[in-house]
Amino acid sequence: MNQAKKLKDTLNLPHTDFPMRANAVENEPQRIEHWEQSGLYQEVQKKNKTAESFVLHDGPPFTNGDVHVGTALNKILKDTILRFKGAQGFKTPYIPGWDCHGLPIEFKVTKTLRNKKIDYDNVSLRKSCAEFSQNYIETQRSQFKRLGVLADWEKEYRTMNPRYEAEILRTFADFVEKGLIYRSKKPIYWSIPCSTALAEAEIEYKDHVSPSIYVPFEIDGEERCSMVVWTTTPWTLPANMAVAVHPREKYCKVRVDKGHYWIGQSLVEDFAKICDFESFDIIDTQTGDSLVGKNCRHPFIERSSPVVAAEYVTMDSGTGSVHIAPGHGLDDYLTGLEHDLEIYCPLDDYGCYSADDYMPDELIGLSVLEKSNGCAANHKVIEILEKKNLLLAQKKHHHQYPHCWRSKTPVVFRAMDQWFVSLDKDGLREKCIDKLGDVNFTPDWGANRIKGFLESRPDWCISRQRSWGVPIPVFFDEDGNPLLDADLIRFLANRVEEKGSDIWFSSDENSLLEGYELDEQWKGKVLSKGTDTLDVWIDSGCSHRSVLRNEKDLSWPADLYLEGSDQHRGWFQSSLWTSMTSFDSAPYRRILTHGFVVDGEGRKISKSDGKPQTADSYVTKYGADVLRLWVCSEDFRRDIPLSDEILDQVVRSYRTLRNTIRFQLGNLDGFLWEEHSVSLDKLDMIDCWALSKTAELTADITDAMNTYELHRVVQLINRFCSGVLSSTYHDIIKDRLYTLHTDDSYRRSTQTAIYQIFETFVRLIGPILSFTADEAWSFHKTGKKLSSDFLLLQDWPKADNSFASSESVEDAQILLDLKESKINEALENLRSSKLIGQSLEAEIVLTFSAESEIAKVLKRRLSNLPELFIVSSVILDPVSSETELKVTAHHAPGVRCPRSWRWVPELVEAGDWGDVSPRCAKVLSKLNL
RNA sequence: GGGCCCAUAGCUCAGCUGGUUAGAGCACCGUGUUGAUAACGCGGGGGUCGGUGGUUCGAGUCCACCUGGGCCCA
53 MNQAKKLKDT LNLPHTDFPM RANAVENEPQ RIEHWEQSGL YQEVQKKNKT AESFVLHDGP
113 PFTNGDVHVG TALNKILKDT ILRFKGAQGF KTPYIPGWDC HGLPIEFKVT KTLRNKKIDY
173 DNVSLRKSCA EFSQNYIETQ RSQFKRLGVL ADWEKEYRTM NPRYEAEILR TFADFVEKGL
233 IYRSKKPIYW SIPCSTALAE AEIEYKDHVS PSIYVPFEID GEERCSMVVW TTTPWTLPAN
293 MAVAVHPREK YCKVRVDKGH YWIGQSLVED FAKICDFESF DIIDTQTGDS LVGKNCRHPF
353 IERSSPVVAA EYVTMDSGTG SVHIAPGHGL DDYLTGLEHD LEIYCPLDDY GCYSADDYMP
413 DELIGLSVLE KSNGCAANHK VIEILEKKNL LLAQKKHHHQ YPHCWRSKTP VVFRAMDQWF
473 VSLDKDGLRE KCIDKLGDVN FTPDWGANRI KGFLESRPDW CISRQRSWGV PIPVFFDEDG
533 NPLLDADLIR FLANRVEEKG SDIWFSSDEN SLLEGYELDE QWKGKVLSKG TDTLDVWIDS
593 GCSHRSVLRN EKDLSWPADL YLEGSDQHRG WFQSSLWTSM TSFDSAPYRR ILTHGFVVDG
653 EGRKISKSDG KPQTADSYVT KYGADVLRLW VCSEDFRRDI PLSDEILDQV VRSYRTLRNT
713 IRFQLGNLDG FLWEEHSVSL DKLDMIDCWA LSKTAELTAD ITDAMNTYEL HRVVQLINRF
773 CSGVLSSTYH DIIKDRLYTL HTDDSYRRST QTAIYQIFET FVRLIGPILS FTADEAWSFH
833 KTGKKLSSDF LLLQDWPKAD NSFASSESVE DAQILLDLKE SKINEALENL RSSKLIGQSL
893 EAEIVLTFSA ESEIAKVLKR RLSNLPELFI VSSVILDPVS SETELKVTAH HAPGVRCPRS
953 WRWVPELVEA GDWGDVSPRC AKVLSKLNL
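Per our numbering, the first sequence starts with residue 53, numbered consecutively.
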């Protein structure tokens, strides 16, 4: 064996079994299993059992697919925050949930059943939906676990659980009791052949040719002067209740032989052409505003039709005046609400005009359904207009029109009776806005956003003509009068709690009501149960009640709701309404929102791009810790970009972190705290400095964590890792760690510091890099990959300020600043001149004014300087004149010690090892061999 | 079309109440080391702060408008 090899064996080179590469794809699942088998979640709860609690209430993801990368981001943020709070000593019960009901599932299941030609009724459809939902709960749960999410999975909540459903009904009962529930009409999509309501998702848009007609509405009290509307659904004219104009657009009064017409200014030419007017004059021009308030006469029904203002009126096509049928369109409906128009819809379930006081006899019974020979209702309406000479023009109009996904026929908008929650009764809306003042928002504009929604939303339509949901427990008598009774609903809620909401669908009216004492007025009546279900926003909006108030580990209100910013309109809002109604206070103390995952260009990610959307597709490639590090390195309050470039960068910084930890572990090999640690007041200068930097880091990270600025945490970690450790501390201490005697006090001093830095640093990254930190901790404590020593059971580090303003730390900082600026510059010059390679080959000369401040430091720390600057020797050259400190460097004189690689004046003999520096000789002499 | 929000080096982020040549980490280029080695050190080149106009002695930082993007509505 050659001398070099032998000498190398006398060094204390780092050694650890902590692998350089994570091999996360294989190792992380093992760790998850280990956590689960050890009951880590329960252990953490046990540790903080008696402490103040921090309740993060989980917003339930919808159970209709694999976990999306955005959902993964959400759960990772929650988990990171909870791990931090848990380490801080808070009791952090975390019960995840699932949102089960809703149209997307019902729609998918219905499609599958139909494709398989399986007959179904409400009960069997609901059973299939429940199975569908449950399947995805299993899938998503395991995908969440794979991300490292620690939770009380045993107690997870599902909105389809009977106990949960019962609380939904109790919430509804509260609404009823407070008199907030009322019945009113609202237009919905209706499929005539299927005789069923449709949701937006069940609509397919197809090319369609509709008749387009121009119809004058004569203005009351103005002879031969009309507003003119343009419509492509003539059959809705009988339901016309108003004519809308844009308040700020200009309108012209056009004079032709037949009379005068008000037409949007920019549409006059087109209009005249379409109507074949030979000539026309414009005799007046007004803004829409000044037309508002006029009254028109319906063209063929004895009814007036006021001119109203609507912002959505455009001058793109038509006449600038819009036919408003509040019972047949959503815009029309909202305009109707605004102007107190009747939501009039003279159409039965089969799409035929029904008889009432208004409907002309010749229209009654006619179908509005489009058949091969056209639409009977359209034909007749046009015929009536022609007869009255009120058809200014008629054309064919090609456009996209909604069709029913099942029957493939055009759907109609049809107002039907729905249940609403009155949001203004007893000042509910004001109270909600008011209570928002007690809620903290991160980012703070969240308050503004939710407030905007609260202020502007119309009354809440909570009924849906669906099967997969919680039934609205209402009965109707034979005249259609509803029986809506809070006590009865609570009675039914108790039954649902026992049997699930399926009983509503599987039981008849008598058995549902069995055991309930009806009021006198209802006794003996033939009652039939309603068929509507509740809006699913009620479902999830009740979670604070069903979960926070019912689980004994949890408490109400929650300390934190943390969801995507879309939930300002969704869950945050629905939860607030239900909470205010039942408990007169908000269910959360703080709302934290994150943005959406976008691609590298900042555009939304969509399936059509072919880029992966599921969390799994990333986890199986990069592992969970890299994904967690990505989440936490982004400022999640705005859009969160994700691209290969970004992930590559995250991977690199992960490797750096991992390697830094590995270096520390390697240098703690054989170090036993009880036996070898040095008392803190005896630590060497550079070790004190490193510990003071660690204390700063701890304070900064704790601060960033407390304000949920996780990206700042990651930046701090990275900077510490490279700036404080790799390029400075670790670089400097290598000499003493490797070359001094194992038990040398300088070496032990440094190991003491590393030990503390390691324990602090690993705890600091623990909430984010949960797998890696736990792995490192286990190796640190037991030398093994998996052990029962869990990082998560450790307390959050406290910033140790004992070194903050010590002379050692201040001196070190001055000297390190000098190193980073002038020393490195001098060394680099030497290196680029090919005079040295590694810096140990250099000798430094420092010329400085003897009276300067730095002179004192240099003199005081002379013996530390070579090590600090990583050179072989340092010569001080104090001068009496006032001069700026100057650094010169040259190749060190003397000979190179083959063991320490330092250049010394001369080598001494060290037995079998040959010639080494005196310092190394001393070390070697102490070795027991 | 409306409400809310975002826009600083190739990437991820700092830049407090407006004030010297706009910072960090990563990447890149060059280079050293081969005793953290599928690692580590040193050096260097990159932004005029999305655009335009304004307020001001002075603006990345305030105001207006515009452009691009996101969420939610229509």
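Heads up, the beta-carbon is just placed ideally off N, CA and C, and yes, glycines get one too. This one's a predicted model, so the numbers in the text were calculated from it and none came from an experiment.
Taken through DSSP and simplified to helix, strand or coil, Pro-609 comes out as coil.
Exclusion of the five residues before and after Phe-465 leaves Pro-239, His-380, Gly-381 as the residues of its chain whose Cβ lies within less than 6 Å of its Cβ.
Assignment of Lys-99 by DSSP, reduced to helix, strand and coil, places it in the helix class.
In this chain, Cys-277 is not harboured by any alpha helix (DSSP H); it is covered by the beta strand (DSSP E) spanning 277-283. For Arg-518, there is no enclosing alpha helix (DSSP H), as DSSP marks it with neither H nor E.
In the three-state DSSP reduction, Cys-304 falls in the strand class (E or B). The C-beta distance from Val-306 to Val-320 rounds to 6 Å, short enough to meet the 8 Å contact threshold.
A distance below 7 Å between beta-carbons, with the five flanking residues on each side excluded, links His-782 to the following residues of its chain, in chain order: Phe-715. Gly-946 and Ala-878 have their C-alpha atoms some 20 Å from each other. It is roughly 6 Å from the alpha-carbon of Glu-686 to the alpha-carbon of Ile-692. The shortest C-alpha to C-alpha distance from Gly-403 to any of Ser-598, Thr-583, Ile-395, Lys-423 is the one to Lys-423.
For a cut-off of 8 Å, the C-beta gap from Ser-356 to Gly-311 is around 18 Å, too long to register as a contact.
About 5 Å separates the beta carbons of Ile-541 and Pro-525, which is inside the 8 Å limit, making them a contact pair. For the pair Lys-237 and Leu-386, the Cα-to-Cα distance works out to about 12 Å.
Annotation for Trp-829: Val-814, Asp-841, Leu-843 place their beta carbon closer than 7 Å to its own, counting only its chain and skipping 5 residues before and after. For the options Gln-55, Glu-208, Arg-193, Gly-200, the alpha carbon positioned closest to that of Ser-598 is the one of Glu-208.
Secondary structure of Phe-557 (DSSP, three-state): helix. Residues Leu-735, Asp-739, Ala-742, Leu-743 of the same chain have their beta carbon placed closer than 7 Å to that of Ala-805, with the five preceding and five following residues left out of the count.
When DSSP assignments are scanned along the region 160-198, no uninterrupted stretch of beta strand (DSSP E) that is 3 or more residues long falls wholly within it.
In chain order, Ala-296, Thr-387 place their CB closer than 6 Å to the CB of Ala-362, counting only its own chain and leaving out the 5 sequence neighbours on each side. Segment contact: the region 649-662 against the region 129-142, fewer than three CB-CB distances shorter than 8 Å; contact not assigned.
Residue environment analysis places Pro-268 among the buried positions, since at least 16 neighbouring C-beta atoms fall within 10 angstroms of its C-beta. The DSSP-derived three-state label of Asn-492 is strand. Just measuring C-alpha positions, the residue of Leu-536, Asn-187, Gly-149 sitting nearest Trp-574 is Leu-536.
Just so you know, the alpha carbons of Leu-199 and Ser-778 end up roughly 29 Å apart. Between the alpha carbons of Lys-346 and Gly-273 lies a distance of about 9 Å.
Linking Ile-255 to Glu-569 through their CA atoms gives a straight-line distance of about 44 Å.
Along the length of the region 620-673, whole beta strand (DSSP E) runs at least 3 residues long occupy 642-646, reported in chain order. Taking Leu-768 as the centre and dropping the five residues before and after it, the same chain places the C-beta of Leu-749, Asp-752, Ile-753, Ala-756 closer than 8 Å to its C-beta, in chain order. Put simply, the backbone Cα of Arg-166 is about 27 Å away from that of Val-119. In this model, Lys-325 and Pro-510 are separated by some 41 Å (Cα to Cα). In the three-state reduction of the DSSP assignment, Val-909 falls in the helix class, which pools H, G and I. In the DSSP assignment, the residues bridged to Val-360 are Ala-296. Residue burial annotation: Arg-655 is exposed, with fewer than 16 other C-beta atoms found within 10 angstroms of its C-beta.
Of the other Cβ atoms in all chains shown, fewer than 16 fall within 10 Å of the Cβ of Met-72; this residue is therefore exposed. DSSP places Asp-687 in the coil class of the three-state scheme, outside both helix and strand.
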